[in-house]
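> Quick one: the structure is below, questions incoming.
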Amino acid sequence: MDELIQRCPRLRVLEVGNGWGLGKIRVHSPTIEELVVDYPYDVCGIDIMAPVLRKFEVWTWMSLDFSVSFNAPMVENPWWDIYCNLENVGFDVWRLRRLSPGKEESGNTLRLSIDAPFYALDAARNFSQEIASLPKFFVLHLSLITRGHIFGPLVLNLLGICTVIQKLEVVIDKVTCRQVCPSNCPCEQPQNWRSQIISLAALEEVEIECFEGTGNEIDFLKLLFRSTPLMKTMTMTLSPEVLPTSR
5 MDELIQRCPR LRVLEVGNGW GLGKIRVHSP TIEELVVDYP YDVCGIDIMA
55 PVLRKFEVWT WMSLDFSVSF NAPMVENPWW DIYCNLENVG FDVWRLRRLS
105 PGKEESGNTL RLSIDAPFYA LDAARNFSQE IASLPKFFVL HLSLITRGHI
155 FGPLVLNLLG ICTVIQKLEV VIDKVTCRQV CPSNCPCEQP QNWRSQIISL
205 AALEEVEIEC FEGTGNEIDF LKLLFRSTPL MKTMTMTLSP EVLPTSR
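For any residue, its number in my numbering is found by taking its place in the sequence shown, counting from 1, and adding 4.
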């Protein structure tokens with residue numbers, strides 16, 4: 005694809021669709037203004053250098069050696085939707101399912117869908133390695149399929165990576181294939197996570213959906229309050245499974 009682009013010095017609009025063997029989405033062009041990628045196969049990376057690019061949309065799957073380089077300062081509302089195989093990104097019991105950075109009403113947002121599958125191979129990369137190459141964002145949205153696991157250490161890990169965020173959104177799915185978390189489960193590591201403090205000086209707003217008020221969730225809230233001196237708003241929506249008498 006890169007060779008084709010070099011042969012089109014006046015190219016302004018490029019749409020990439022089905023077709024096996026693309027490898028990497030690499031677009032270096034001084035003229036391209038619109039780039040739309042709808043490619044339902046694994047790619048090893050996205051490499052964009054386009055100084056006048058205004059529209060950018062991509063839907064694809066990441067391969068094991070996936071990487072991102074994005075230099076397009078004039079893009080107004082980029083839209084990413086990248087799916088991930090279970091062995092690609094994660095740590096302990098958690099695996100990344102979907103990654104969607106983009107610009108929304110609340111600002112530059114990174115959406116992560118994270119699962120705790122019954123079985124998964126060792127991850128090729130951790131969350132820190134994956135997030136480091138992405139465009140800057142100030143809102144972190146987490147969709148968590150917990151399957152009975154404790155999510156506090158996971159979110160603590162992610163917040164340690166994303167210390168400049170201004171808003172945190174957490175949606176908890178405990179219904180999908182709920183299971184009993186075994187004793188000494190890796191999801192509780194580190195064991196001292198409940199007493200830790202991290203610096204989240206910019207975080208002002210937190211939203212949590214499907215909150216049940218379990219002991220582990222309360223411990224997570226305490227950690228947030230200790231770590232966010234400038235927090236202004238915390239909004240919690242209770243899980244449908246919480247009985248009215250316990251609200």
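No residue lacks a Cβ here, since even glycine has one placed at the ideal position from N, Cα and C.
How is N112 classed by DSSP in three states: helix, strand or coil?
Strand.
> Per DSSP, which one or two residues make a beta bridge with P105?
According to DSSP, which records beta bridges pairwise, P105 is partnered with L114.
> At the level of alpha carbons, what is the spacing between L207 and V168?
Computed Cα separation, rounded: 7 Å.
> At 3 residues or longer, what runs of the beta strand (DSSP E) sit wholly inside the stretch 48 to 76?
Taking only runs of at least 3 residues, the beta strand (DSSP E) segments lying wholly in the stretch 48 to 76 are 59 to 75.
> Can you tell me where the beta strand (DSSP E) holding I9 begins and where it ends?
Note, I9: premise wrong, no beta strand (DSSP E); alpha helix (DSSP H) at 6 to 10.
> Using beta-carbon positions only, say whether V47 and L26 come within less than 8 Å of one another.
Result yes, Cβ atoms of V47 and L26 sit closer than 8 Å.
> Can you round the beta-carbon distance between M53 and H32 to whole angstroms, since I take them to be within the 8 Å contact cut?
The Cβ separation is near 4 Å, so the contact holds.
> Could you give the distance in angstroms between the alpha-carbon of V184 and the alpha-carbon of P34?
C-alpha separation (whole angstroms): 55 Å.
> Helix, strand or coil for P190? Go by DSSP, reduced to three states.
P190 falls in the helix class under three-state DSSP.
> Kindly indicate which residue of R58, S71, Y43 has the alpha-carbon position closest to the one of P77.
That would be R58, whose Cα lies nearest to the Cα of P77.
> Of the residues G217, K226, F229, which one's Cα is nearest the Cα of L2?
Since the first residue of the chain shown is 5 and the last is 251, residue 2 is not available in this structure.
> Along the alpha helix (DSSP H) that carries K226, what are the first and last residues, could you check?
It spans 219 to 231 - the alpha helix (DSSP H) in which K226 sits, taken as one unbroken run.
> Taking the alpha-carbon positions, what's the L144 to V174 distance?
Spanning the two alpha carbons is a distance of roughly 8 Å.
> Determine the extent of the beta strand (DSSP E) in which V97 is found, giving its start and end residues.
First-last for V97: undefined, no H or E at that position.
> Compare the Cα-Cα distances from E109 to each of G219, P82, G49 and report the closest residue.
Of G219, P82, G49, the residue nearest in Cα terms is P82.
> Comparing the C-beta of W83 with each C-beta of chain D, is any distance below 8 Å?
Absent from the structure is chain D; it holds one protein chain and no more.
> Within this structure, are the beta carbons of K236 and E213 separated by less than 8 Å?
Not a contact, by the Cβ cut-off of 8 Å.
> Distance, Cα to Cα, I201 vs L227?
The straight-line gap from Cα to Cα measures roughly 7 Å.
> Taking 8 Å as the cut-off, does the stretch 138 to 152 touch the stretch 109 to 127 (at least 3 CB pairs, one atom from each stretch)?
Yes, they touch.
> Can you look up R198 in the DSSP assignment and give me helix, strand or coil?
Helix, per DSSP.
> Name, in chain order, the residues that DSSP records as bridge partners for R30.
According to DSSP, R30 bridges with D51.
> My output table needs one value for V159: the three-state DSSP class, helix, strand or coil.
Of the three classes helix, strand and coil, the one that applies to V159 here is helix, per DSSP.
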